[in-house]
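Colleague: This is the structure I have questions about; it appears just below.
Numbering (the numbering used here), first residue to last: 0 to 187.
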């Protein structure tokens, strides 16, 4: 489990399945972008450049902290993001993309695990792209399952006290994920 899974579960429990599924689609796009970058060698460059890796690591953690702060603020609960549902879900989609693209664990996965499935006697890029698409498909099924299960908890949030408690808990958990991300991705 990583930042994506935690983010999706918390989002779905607090804002419902549709918000979680919109973010899941964004996470899938983010995973695909990282997979393409890995196939083209960009992920290897980041993994081998201490500065680039640290920048990505800190950007991801700071983004999660920003999400936590935004969730904690009282106006986040009293003022809806927008009255347009499409715009609201687009915002969750965008956050899913950004949360995933700024996750250094995803890039490390692509350059440490996928190569073990690549046949060195064949062209590497098409194989890596195919493996990336398969991985994104499997990850998306898992994420959608988590979203569906966590979305069931939203029905428990029917009064303002519970909503406030859930929002604050969500913010603390997002901040915890940011701290965990920094700790789990620190290079020795």
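For each residue, glycine too, the CB sits at the ideal point set by N, CA and C. Since this is a predicted model, take the numbers as computed values, not measurements.
Is it buried or exposed for residue 133, if we count other Cβ within 10 angstroms and need 16 for buried?
Modeller: When all chains shown are included, residue 133 counts as exposed.
Colleague: For residue 142, count the other beta carbons within 10 Å of its own beta carbon; 16 or more makes it buried, fewer makes it exposed. Which is it?
Modeller: It is buried - the Cβ of residue 142 has at least 16 other Cβ atoms within 10 Å.
Colleague: With a CB to CB cut of under 6 Å and the five nearest residues on each side skipped, what residues in its chain are close to residue 128?
Modeller: Once the five neighbours on either side are set aside, the close Cβ partners of residue 128 are 38.
Colleague: Using a 10 Å radius around the Cβ and a threshold of 16 neighbouring Cβ atoms, would you call residue 91 buried or exposed?
Modeller: The residue is buried, with at least 16 neighbouring Cβ atoms inside 10 Å.
Colleague: With a threshold of 16 other CB atoms inside 10 Å of the CB of residue 77, please say whether the residue is buried or exposed.
Modeller: The predicted position of residue 77 is uncertain, since its pLDDT is 43 and thus under 50; a value taken from the coordinates is nonetheless stated next. So residue 77 ends up on the exposed side.
Colleague: Got a sec, what are the start and stop residues for the alpha helix (DSSP H) residue 117 sits in?
Modeller: Unbroken run through residue 117: none, as it is neither H nor E.
Colleague: Answer yes if the stretch 168-182 comes into contact with the stretch 55-68, meaning at least three C-beta pairs across the two stretches below 8 Å, and no otherwise.
Modeller: Touching, yes.
Colleague: Measuring only the C-alpha atoms, how far is residue 2 from residue 151?
Modeller: Each residue's alpha carbon lies about 20 Å from the other.
Colleague: I'd like to check one pair, residue 10 with residue 18: are the Cβ atoms closer than 7 Å?
Modeller: A contact, by the Cβ cut-off of 7 Å.
Colleague: Report the rounded CA-to-CA distance for residue 125 versus residue 109, giving the unit in angstroms.
Modeller: Between residue 125 and residue 109, the C-alpha separation is close to 14 Å.
Colleague: For residue 34, report the span of its alpha helix (DSSP H) as first-last.
Modeller: Residue 34 -> alpha helix (DSSP H) spans 16-38.
Colleague: In the structure shown, what three-state DSSP assignment does residue 99 receive?
Modeller: Reduced to three states, the DSSP call for residue 99 is helix.
Colleague: What is the DSSP secondary structure of residue 48, reduced to helix, strand or coil?
Modeller: Three-state result, residue 48: coil.
Colleague: Does chain B have any CB closer than 7 Å to the CB of residue 101?
Modeller: Note that chain B does not occur in the displayed structure, where there is just one protein chain.
Colleague: Grab me the residues of residue 194's own chain with a C-beta within less than 6 Å of its C-beta, minus the 5 sequence neighbours each way, in chain order.
Modeller: In the structure as shown, the chain begins at 0 and stops at 187. Residue 194 is therefore absent and cannot be evaluated.
Colleague: Please state whether DSSP places residue 94 in a helix, a strand or coil.
Modeller: DSSP places residue 94 in helix when its eight states are reduced to three.
Colleague: Rounded to whole angstroms, what is the Cα-Cα separation between residue 13 and residue 100?
Modeller: Spanning the two alpha carbons is a distance of roughly 23 Å.
Colleague: Do you know offhand how far residue 106's Cα is from residue 46's?
Modeller: Their Cα atoms are separated by approximately 8 Å.
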